[in-house]
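Numbering (this note's numbering), first residue to last: 1 to 133. Written out below as structure tokens is the structure these notes cover.
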Ligand SMILES: [Zn+2]
């Protein structure tokens with residue numbers, strides 16, 4: 001699976017976004033080392049704090065189905081499904097990624113075109129909190 005295919009899947013996932021309050025549509029496609037791809041969208045709530053990001057939706061779906069190792073995630077996000085600029089993951093999602101992924105985990109931020117930004121988890125969350133044994 002190449003990067004643009006993974007980003008295309010993130011765009012498909014964004015179509016299911018439940019975002020009646022912000023109209024900010026987000027989709028994520030998480031590639032596990034098994035080769036399976038798990039999709040997620042943002043899911044808002046009238047009480048706001050129960051809302052969940054697309055990235056965490058994808059991770060929790062994958063982990064709840066037994067996946068523990070991941071290669072990469074593609075993310076698209078924007079107002080009213082407009083993905084003009086890259087949409088980086090929030091801090092909470094970066095922390096969730098750090099629970100399961102090493103610093104070389106790839107994060108692709110897609111746009112409406114074939115342009116995308118690429119980061120590693122180590123770049124987006126250096127010195128992350130982990131419990132050392
Ligand atoms: Zn988030």
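A virtual CB, placed ideally from N, CA and C, is assigned to each residue, including glycine.
For residue 41, the enclosing beta strand (DSSP E) begins and ends at 37–41. Annotated three-state conformation of residue 131 is coil, per DSSP. Pairing residue 51 with residue 39, the inter-Cα distance amounts to about 17 Å.
With fewer than 16 other Cβ atoms inside 10 Å of its own Cβ, residue 85 counts as exposed. Looking at the DSSP output, residue 9 bridges to nothing.
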